[in-house]
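Asks: Residue numbers (the working numbering): 287 to 711. Ideal Cβ positions, reconstructed from N, Cα and C, are used throughout, including at glycine.
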């Protein structure tokens with residue numbers, strides 16, 4: 287096997303942001319390992335389980351445990367129990383790479399979930415290129431190039447997550463129609479300064495214009511991921527006097543932007559398009575919730591509006607001790623379901639090449655999917671036909687109203703054209 291992988295603010299620790307983290311950590315089996323079983327099938331996960339973004343990583347661990355508990359209760363895989371091995375990356379790309387190395391070499395995991403940011407995901411993919419040591423499931427990175435660029439393709443790496451180009455096409459088409467005839471032309475943007483933020487923001491601008499919208503971008507702010515103080519960002523946005531604001535900030539960063547921006551009236555009398563504002567980890571924590579924001583479904587109990595989705599939500603609450611699922615929860619749960627499906631297809635054989643072959647191009651039944659299903663597209667190992675919809679934020683539960691579903695036919699058509707333009711197809 288050719289294994290290449292290896293080698294001052296109070297806000298980051300705010301209790302509100304990590305509410306429920308202790309209960310979730312207990313469920314997750316920390317410090318890092320569920321008690322080993324000699325005949326178990328080990329599945330590894332590297333995620334952010336401490337610090338500013340711990341709520342996301344902990345929710346991912348709960349999502350996997352929820353599914354694995356169900357599988358184990360029904361007899362496991364050919365009588366063997368699934369065992370989850372957890373590593374905390376602390377939101378550090380170099381630590382994430384070390385975690386993958388440890389899961390492969392020390393824990394002998396051949397199936398690994400990477401709950402890491404785009405920068406860490408890229409480093410992990412680079413380290414796994416040419417290796418058959420493990421199949422890796424990227425469940426956080428939304429940077430389109432991660433799987434769209436054939437130069438980066440690895441047959442043993444899957445993206446089981448939403449993708450920037452899909453969201454950009456859907457949001458460009460939807461938002462351009464929603465603002466039609468309202469005279470909104472002057473925009474400002476504030477998105478994280480790494481590949482996901484820069485790629486997807488530009489893609490939104492391009493598709494907003496493509497679908498007939500008029501947009502003059504007055505200013506663009508690029509806060510570093512994990513920035514606790516958004517004063518400079520808020521000042522820049524206010525000075526541009528925009529009619530509309532678009533932001534891809536997420537988690538604690540988005541909480542900072544909203545709370546600090548609200549102090550200075552940043553969002554007053556403006557259209558705000560903030561896709562990530564629908565995450566429970568944000569809307570449950572913001573002290574003065576914003577109403578009227580255009581958001582995208584990240585995860586919401588009410589979308590899809592099905593019994594299966596609502597039941598999954600309630601089951602998650604029970605296991606987590608009250609902490610709510612996030613966008614990363616359902617994505618990680620979907621990855622875990624594909625892993626289970628692959629192991630069932632191979633009759634428990636954990637050879638990553640065989641498991642990857644079994645799930646490539648397959649459809650999995652999941653409670654939060656459109657029509658109860660999601661698909662791993664064979665040509666680029668990426669997730670499609672997952673729920674994408676847009677709604678308007680309200681100040682109380684269910685926090686979003688008037689969901690408008692995106693058109694997956696349009697998304698796939700425009701994505702194919704985009705790939706060709708980028709030289710990816």
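#1: In angstroms with no decimal places, state the Cα-to-Cα distance between residue 661 and residue 647.
#2: Whose C-alpha, out of 585, 564 and 587, is nearest the C-alpha of residue 579?
#3: Taking DSSP as the reference, what is the three-state secondary structure of residue 552?
#4: Here's a check: name, in chain order, each residue in its chain whose Cβ is nearer than 6 Å to the Cβ of residue 537, leaving out the five neighbours to either side.
#5: So residue 620 and residue 650 are supposed to be a Cβ contact under 8 Å. How far apart are they, rounded?
#6: Between the C-alpha atoms of residue 365 and residue 632, what's the straight-line distance to the nearest angstrom?
#7: Please confirm if the segment 347 to 367 is in contact with the segment 542 to 556, defined as three or more CB-CB distances below 8 Å between the two stretches.
#8: Identify which residue in 428, 416, 423 and 677 has its Cα closest to the Cα of residue 437.
#9: In whole angstroms, give me the CA-to-CA distance for residue 559 and residue 637.
#10: In whole angstroms, give me the CA-to-CA distance for residue 422 and residue 330.
#11: For the alpha helix (DSSP H) containing residue 508, list its first residue and its last residue.
#12: Give me the residue from 402, 425, 430 and 441 with the minimum Cα distance to residue 414.
#13: Exposed or buried, which one is residue 684 when buried takes at least 16 other CB atoms within 10 Å?
#14: Determine whether the beta carbon atoms of residue 480 and residue 403 lie at a separation below 9 Å.
#15: Three-state secondary structure (DSSP) at residue 531?
#16: Do you know offhand how far residue 459's Cα is from residue 488's?
#17: Between residue 378 and residue 467, what straight-line distance do the alpha-carbon atoms span, to the nearest angstrom?
#18: Thinking C-alpha only, which one of 568, 439, 711 and 531 is nearest residue 551?
#19: My understanding is that residue 457 touches residue 511, with C-beta atoms under 8 Å, so please give their C-beta distance in whole angstroms.
#20: Which residue's Cα is closest to the Cα of residue 463: 501, 397 and 432?
#21: Less than 7 Å between C-beta atoms, sequence neighbours within five positions excluded: which residues of the same chain meet that for residue 623?
#22: Measuring CA to CA, which of 699, 677, 524 and 668 is closest to residue 429?
#23: Are residue 562 and residue 533 close, meaning C-beta to C-beta below 9 Å?
#24: For residue 427, which residues of its own chain have a beta-carbon under 6 Å away from its beta-carbon, when the five flanking residues on both sides are left out?
#25: DSSP three-state call for residue 516: helix, strand or coil?
#26: Check whether the Cβ atoms of residue 448 and residue 617 sit closer than 9 Å, and answer yes or no.
#27: Taking the runs of the alpha helix (DSSP H) that are 4 residues or longer, which of them lie wholly in the segment 322 to 398?
#28: Is residue 417 helix, strand or coil when you go by DSSP?
#29: For residue 451 and residue 475, what's the separation of their Cα atoms in angstroms?
#30: What's the gap between the Cα of residue 524 and the Cα of residue 496?
#31: Evaluate residue 373 with the Cβ neighbour count: other Cβ atoms within 10 Å of its Cβ, from every protein chain shown; 16 or more gives buried, anything less gives exposed.
#32: So, are the CB atoms of residue 390 and residue 398 less than 9 Å apart?
#33: When the Cα atoms are used, what is the spatial distance from residue 704 to residue 461?
#34: What's the gap between the Cα of residue 597 and the Cα of residue 606?
#35: Taking the alpha-carbon of residue 613 as reference, which of 493, 691, 539 and 673 has the nearest alpha-carbon?
#36: State the beta-bridge partners of residue 432 as determined by DSSP.
Replies: Taking the coordinates as given:
#1: 7 Å
#2: The shortest Cα separation from residue 579 among 585, 564 and 587 belongs to 564.
#3: Residue 552: coil per DSSP, three-state reduction.
#4: 339
#5: 7 Å
#6: Their backbone Cα atoms lie some 14 Å apart in a straight line.
#7: no
#8: 416
#9: 44 Å
#10: 9 Å
#11: Per DSSP, residue 508 belongs to no alpha helix (DSSP H) and is neither H nor E.
#12: 441
#13: exposed
#14: yes
#15: strand
#16: In a straight line, the C-alpha of residue 459 is about 14 Å away from that of residue 488.
#17: Across the structure, residue 378 and residue 467 are spaced so that their CA atoms are roughly 45 Å apart.
#18: 531
#19: So it is not a contact: roughly 21 Å between Cβ atoms.
#20: 501
#21: 353, 650 and 652
#22: Of 699, 677, 524 and 668, the residue nearest in Cα terms is 668.
#23: yes
#24: 404 and 407
#25: coil
#26: yes
#27: 340 to 359 and 379 to 391
#28: It is coil, neither helix nor strand.
#29: 17 Å
#30: 27 Å
#31: buried
#32: yes
#33: Their backbone Cα atoms lie some 19 Å apart in a straight line.
#34: Each residue's CA atom was taken as its position, placing residue 597 and residue 606 some 14 Å apart.
#35: 673
#36: None; residue 432 has no bridge partner.
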